[in-house]
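Down below is the structure, laid out as structure tokens.
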Amino acid sequence: TKPLVYVTRKLAREVIDELREVAAVEVWEEDRPCPREVFLQKAEQAEALLTMLTDRVDEELLTRAQNLKVVANMAVGYDNIDAEAAKKRGVTVTNTPDVLTEATADLTFALLMATARRITEANRFLLAGEWTSWSPNLLAGQNVYHSTLGIIGMGRIGEAVARRAQGFGMKILYHNRRPKPESEERVGAGYRQLDDLLRESDYVVMLTPLTPETRQMMGEREFSLMKPTAVFINVSRGGTVDEEALYRALAEKKIWAAGLDVFQKEPVPMDHPLLTLPNVVALPHIGSATYQTRLEMAKLAAANIRAVLEGKEPVTPV
Ligand code: GLV
Ligand code: GLV
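Here you go:
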């Protein structure tokens, strides 16, 4: 009998067909995350799981999933998966790097510009019928061109954001645990200690994965180092930020604005204080959301599953 692959969201027919060549495939067809109980039951039978970032793969699941060989996450981040626990059990974990780099960098830049130039606020203003005259400082924002960009977590997406920033004549700084001379060479970025990056940057862009070390790495102390005209952009994971500290920094005008594609709790509760501020541009975790990129991500996740089920090396193991 063919091994079972469980896919936790409806994906393109061609991706499912590709998997059906080597496996029996079951799909959670509803347009909402697969309920925990269903996910656990399917995991007990499956040799492969094709997961979303909303699915938690933890000790409990891995203990029950005795036949499991591979978890292919359809995301570059995999903080939803206990990768250590999987490794101990010999379960391969894969993600979808590279294919989403450029689309995510586009969204990052869109969010940066929307925040700097108050695009969503201006649109709400016009639609509310408040546009009564042109005025010198009406909806004035911050310069993007020739400003200083500080990237926290310089990886593939960081470099792609930096390439876009070059076109705007921006000075590019970055912070990583260790300097990355290759990135410095490729995109002309300068390494800074975190505090110096926060002090010097006009735009601070979070791109670091969520790990125990980066959890809540942006807190009250960090926001207090930023310029009062600076903008904070988060496109990594909400868990990297102390949201209460961010709210206070924005409300007390310690920083100028924030663009957020990710939140500690997703979907973000509609009564979240950050959503009450006019200087916050909030998006529903759409960093990689283009039709082309999402198809490439699904295909790569499926290719990883096929490789493992056929006894080959996975394409993009974590
Ligand atoms: C999305 O957030 C991803 O990690 O791919
Ligand atoms: C603005 O529209 C200008 O012409 O400066």
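Going by UniProt numbering, the residue at position 48 of the sequence shown is 49; the numbering climbs one at a time, nothing skipped.
Glycine included, each C-beta is placed from N, C-alpha and C at the ideal position.
| Check | Outcome |
| --- | --- |
| Runs of beta strand (DSSP E) lying entirely within the region 18-89, each at least 3 residues, in chain order | 25-28, 49-52 and 71-74 |
| Local conformation of residue 313 per DSSP, three classes | coil |
| Neighbourhood of ligand 1 [Cβ distance below 5 Å to any heavy atom], ordered by chain position | 76, 77 and 78 |
| Residue 132 burial status per 10 Å Cβ neighbour count (16 or more: buried) | exposed |
| Endpoints, alpha helix (DSSP H) assigned at residue 173 | Residue 173 -> not in any alpha helix (DSSP H); beta strand (DSSP E) instead, spanning 172-176. |
| Cβ distance (whole Å) where residue 48 is taken to contact residue 5 below 8 Å | 6 Å |
| Residue 97 - containing beta strand (DSSP E), residue span | Element bounds for residue 97: n/a, residue is neither H nor E. |
| Spatial distance of residue 140 from residue 112 (CA atoms) | 17 Å |
| Environment of residue 147 [buried if 16+ CB atoms lie within 10 Å] | exposed |
| Residues that DSSP places opposite residue 235 in a beta bridge | 207 and 261 |
| Neighbourhood of residue 84 by C-beta distance below 7 Å, restricted to the same chain and skipping five residues each side | 94 and 319 |
| Three-pair Cβ contact test at 8 Å for the region 42-58 versus the region 181-192 | no |
| Touching by the beta-carbon criterion (3+ pairs, under 8 Å), the region 89-103 and the region 117-137 | no |
| Option nearest residue 1 by Cα separation, candidates 45, 203, 75 and 255 | Summary: the structure shown does not reach residue 1, with the chain confined to residues 2 through 319, and so no result is reported for it. |
| Distance CB(residue 101)-CB(residue 225) smaller than 7 Å | no |
| Beta-bridge pairing of residue 151 - partner residues as DSSP gives them | 174 and 205 |
| The alpha helix (DSSP H) enclosing residue 8, as first and last residue numbers | First-last for residue 8: 5-8, but that is the beta strand (DSSP E), not the alpha helix (DSSP H). |
| Residue 65 vs residue 110 beta-carbon contact at 7 Å | no |
| CB contact check: residue 223 to chain B, cutoff 7 Å | The chain labelled as chain B is not found in the depicted structure, where only one protein chain is given. |
| First through last residue of the beta strand (DSSP E) which encompasses residue 162 | Run containing residue 162: none in the beta strand (DSSP E); it sits in the alpha helix (DSSP H), 157-168. |
| Identified DSSP bridge partners for residue 219 | 242 |
| Counterpart residues of residue 318 in DSSP-defined beta bridges | 95 |
| Residues bridged to residue 146 [DSSP beta-bridge criterion] | In the DSSP output, where bridge partners are listed per residue, residue 146 has none listed. |
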